[in-house]
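The structure appears below as structure tokens.
Number of protein chains: 2
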Amino acid sequence: MTSIKNLQDIARKAGVSTATVSRVINSPDKVSEKTRRIVEQIIREHGYIPNEFARSLRSNRKNMVAIVNPVPQESFLSFPYFSLFLRSVTQWFSRVGVYTLVVLEDPNQSPYTTYRKMMEQNVVDGFIVMGLKRDDPRIELLNSLKARFVAIGHTGEEGPYVYVDSDNVQGGYLATRHLLELGRKRILMVNGFENDCSSMFRLSGYQKALEQEGVRFDPQLVINCDLEEETVFEMFSNEDFSLEADAVFATSDVAAIGVIKALKRRHHSLPVVGFDDIPMASSFEPGVTTIRQPIEQIGRKAAEKIFALVEGKAAQSEMVQVELVARDSTLRCQIQSDQE
Amino acid sequence: MTSIKNLQDIARKAGVSTATVSRVINSPDKVSEKTRRIVEQIIREHGYIPNEFARSLRSNRKNMVAIVNPVPQESFLSFPYFSLFLRSVTQWFSRVGVYTLVVLEDPNQSPYTTYRKMMEQNVVDGFIVMGLKRDDPRIELLNSLKARFVAIGHTGEEGPYVYVDSDNVQGGYLATRHLLELGRKRILMVNGFENDCSSMFRLSGYQKALEQEGVRFDPQLVINCDLEEETVFEMFSNEDFSLEADAVFATSDVAAIGVIKALKRRHHSLPVVGFDDIPMASSFEPGVTTIRQPIEQIGRKAAEKIFALVEGKAAQSEMVQVELVARDSTLRCQIQSDQE
DNA sequence: ACAGGAAATGAAATAGATTACATCGGCTAA
DNA sequence: TTAGCCGATGTAATCTATTTCATTTCCTGT
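Sequence order for the protein chains is A and P.
Note that the numbering used here has the first sequence beginning at 1, numbered continuously upward.
Note that the numbering used here has the second sequence beginning at 1001, numbered continuously upward.
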């Protein structure tokens, strides 16, 4: 078999021009039934697949989207279930012939460089930007570059951008209400830092639940930290750390586990709620009550939206619902806090 | 500022031909000092970045590498620490200007289609192929497509391909020896399926350790299963399941956790060793003794090797060392198996 | 001062598609 | 019959770099 490599070869074989072959591939309705059949046949016969790069060069459509992570330290790991997210995005894209690039922001440079470079290189149609922070400069940056993007997470204001996010307010609310329903009133909240917008929203859900039950909000009961297991474990293990609360809401499962371990060590037991529903939450003993984020749904929606934007269509920001998964860390917790 | 978009604009501004500008970028030593200075200045001034796709089209160098996962069900998740692996690959690549694509094999088609399509589309320089199985057909396939690739995992024979893999024999050996050193002789091995090559190697490490201690290998003590937590938990929870072994070596941490939970429920305790050192292994109580795979190192090496291959250089397959991480699941286990 | 070779540069071909514009039939309406 | 239009097709320009080959420039040695 003669080696068939490109459009021209196909055109020659089919006895038509390259333009016609291209049309058969890209807008079949502009070609007569008869010609189309012939060309399609030859394409199939030779298993011809167009060269993506040549195609992009001319049409300026890259069929590639980058998932961009903030600087390494806080990237992947900070985002629970990243691989599930990635899989769901990739899966969705593959059905429409789009490839998924994974990119880390260059830690040595301003994010500007990372994005600008990719824009100029003309390498992707758009971005999925992970881990949006409060007042995240990347939004303005991407807009100024006229980049198409979808953010995971949001800043609060409905800015000039599209995002997909879990309903963190609802998450905070559900977790807190669950504890209130168990009769707890002094709920310690172990939250992330204040510049993290999901922390912000979770806090407001927490407050909302308290308010609804007529419990006064005590700012002393809110701790901001990095939510690492060790950090939290150390903090709670310290004998000086007062355990006058009667429940704990930690806004990450690993933090929740840190709390539970420290409490165990101090022969203490309090209902504890986490956040994310990482695999460990169900495997740990006791199983950690937590707020499950539909991460695959978030991935799918992000993919859908960036694709729509690339196609020149409109896309709306969206919040996805979270749910409470009740497990032993709150259900089996019989021992009360020793309130002196 | 006039909009500077491409080589031509730069060439015009600098008063040279496009060829010269291209040379300044790609082989500066072929250009006179003086011209180079001028052109570089203009490039910097305008922040010009070449269009990757045009570049690839001509030079046939794509600066993209795909990490390919087997069909979704067994992909990402089956590979512990996938995101760490991915991060380390991406990080390494970014330093040499290569982008990382993440691809799933199309579950509806033969893997052939997935790889062939990418080859014809001319979209990547090479592949990192995940989750290699025994007699994996993908090796021959990729070779027949003249694709450059590096496999993660290996089949045993030093075939015509380059791989990076943990030393699974050593892993099996270390785990088993650790248990033997605790005085255990009847070590139950909960292994993956036999067509999985890492299972195969771990088994042979297990046998090697036994042999070295003069303990007879009893095939009855080897169980093949899917290594999921539930599967193993169910199996070990069943009262009919005899617990005549005096230790357990499960070749995945989640399986090990399944074992520990089931043993707890049966008020039983045996030293248990896992494999992988997933985050849960250290967080679980008791901490799971396990074999740590240097996953980031594997990622880095895979990146290095595929890059070398793409550059036309040689690359050698490599095994990376694993290490035993001893934790409470073997160290604190005082209770003996109740051998009737 | 000049031949000859090396170094620097430019013109044009090239990679492999898409697409604007031109052309050619065939068909309808006058 | 023929002007006029439409749909199908082809021609050639285009996208943006890289690279071959030809040409010019600059030395070096005699």
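Built from N, CA and C at the ideal position, the CB exists for glycine as well.
No experiment lies behind these values; they were computed from the predicted model shown.
Item: Is A/Ile-335 close to chain P? Criterion is C-beta to C-beta, closer than 8 Å.; Value: For A/Ile-335, the pLDDT reaches just 48, beneath the cut-off of 50, and the residue's location in the model is therefore unreliable, although a value from the coordinates is still provided. Judged by the 8 Å Cβ criterion, A/Ile-335 is not in contact with chain P.
Item: Identify the contact partners of P/Asn-1122 in chain A, using a Cβ-Cβ distance below 7 Å as the criterion.; Value: Asn-51, Glu-52 and Phe-53
Item: So with CB distances below 7 Å, who are the chain P contacts of A/Val-366?; Value: The question about residue 366 of chain A has no answer here: the residues shown for chain A are numbered 1 through 340.
Item: Count the other C-beta atoms from every protein chain shown that fall within 10 angstroms of the C-beta of A/Asp-338, then say buried if there are 16 or more, exposed otherwise.; Value: The predicted model places A/Asp-338 with a pLDDT of 41, which falls under 50 and marks its position as unreliable; any figure quoted below should be read in that light. Exposed is the call here.
Item: Which of the three DSSP states is assigned to A/Thr-155 in this structure?; Value: coil
Item: Return the Cβ separation of A/Val-65 and A/Leu-101 in integer angstroms, given the expectation that the two are a contact with Cβ distance under 8 Å.; Value: 7 Å
Item: Check the Cβ-Cβ distances between P/Ile-1010 and every residue of chain A, and say whether any is below 8 Å.; Value: no
Item: Should P/Val-1169 go down as buried or exposed, given a rule of 16 or more other Cβ atoms within 10 Å for buried?; Value: buried
Item: Can you check which of these residues, A/Asp-253, A/Ala-303 and A/Arg-266, is closest to A/Asp-240 by C-alpha distance?; Value: A/Arg-266
Item: Report yes if the C-beta distance between A/Leu-210 and A/Phe-201 is below 8 Å; otherwise report no.; Value: no
Item: If we count the other Cβ atoms within 10 Å of its Cβ and call it buried at 16 or more, is P/Gly-1183 buried or exposed?; Value: exposed
Item: Can you check which of these residues, A/Ile-291, A/Val-89 and A/Asp-9, is closest to A/Ala-302 by C-alpha distance?; Value: A/Val-89
Item: Please determine, among A/Leu-203, A/Val-254 and A/Leu-57, the residue with the shortest C-alpha to C-alpha distance to A/Val-288.; Value: A/Val-254
Item: Please classify P/Lys-1062 as buried or exposed, where buried requires at least 16 neighbouring CB atoms within 10 angstroms.; Value: buried
Item: Mind pulling the beta strand (DSSP E) runs of 3 or more residues that sit fully within the region 155-241 of chain A?; Value: 162-166, 187-191 and 222-224
Item: Would you mind telling me which residues of chain A sit closer than 8 Å to P/Met-1280, beta carbon to beta carbon, in chain order?; Value: Pro-279, Met-280, Ser-283 and Phe-284
Item: Does the beta-carbon of P/Gly-1192 have 16 or more other beta-carbons within 10 angstroms, so that it is buried, or is it exposed?; Value: buried
Item: Between P/Ser-1204 and chain A, is the shortest Cβ-Cβ distance under 8 Å, so that the two count as touching?; Value: no
Item: Quick one: is P/Ser-1094 near chain A, going by C-beta distance under 8 Å?; Value: yes
Item: So A/Arg-134 is in the beta strand (DSSP E); what residue range does that whole segment cover?; Value: From DSSP, A/Arg-134 is part of no beta strand (DSSP E); its letter is neither H nor E.
Item: Would you verify that the beta carbon of P/Ser-1056 is, or is not, closer than 8 Å to some beta carbon of chain A?; Value: yes
Item: Look up P/Tyr-1081 in the DSSP assignment and give the residues it is bridged to.; Value: According to DSSP, which records beta bridges pairwise, P/Tyr-1081 is partnered with nothing at all.
Item: Drop a sphere of 10 angstroms on the beta-carbon of P/Asp-1365, count the other beta-carbons inside from all chains shown, and report buried for 16 or more, exposed for fewer.; Value: Within the shown structure, residues of chain P are numbered from 1001 to 1340, placing residue 1365 of chain P beyond reach of any answer.
Item: Just verifying my parser: in three-state terms, what is the DSSP assignment at A/Thr-251?; Value: coil
Item: Where does A/Asp-276 sit, in a helix, a strand or coil, going by DSSP?; Value: strand
Item: Which same chain residues end up closer than 6 Å to A/Glu-296 when comparing Cβ atoms and leaving out the 5 residues on each side of it in sequence?; Value: Leu-84 and Ser-88
Item: To the nearest angstrom, report how far apart A/Asn-26 and P/Val-1123 are at their CA atoms.; Value: 19 Å
Item: Are A/Thr-155 and A/Arg-134 closer than 8 Å when you measure CB to CB?; Value: yes
Item: Leaving aside the five residues before and after A/Ser-56 along the sequence, list all residues of the same chain whose C-beta is less than 6 Å from its C-beta, in chain order.; Value: Lys-62
Item: So, with DSSP's three-state summary, where would you put A/Ala-315?; Value: coil
Item: Since P/Val-1190 contacts P/Cys-1225 with CB under 8 Å, what's their CB separation in whole angstroms?; Value: 7 Å
Item: Taking C-beta pairs closer than 8 Å, name the residues in chain A that P/Phe-1082 reaches, listed in chain order.; Value: Ser-83
Item: Let me know if P/Pro-1219 comes out buried or exposed under the rule of 16 or more other beta-carbons within 10 Å of its beta-carbon.; Value: exposed
Item: Taking 8 Å as the threshold (C-beta atoms), are P/Gln-1121 and A/Ile-49 in contact?; Value: yes
Item: Does P/Gly-1131 pass the burial test, meaning 16 or more other C-beta atoms within 10 Å, or should it be called exposed?; Value: buried
Item: Can you tell me which of P/Met-1118, P/Phe-1149 and P/Thr-1114 puts its alpha carbon nearest to the alpha carbon of A/Phe-53?; Value: P/Met-1118
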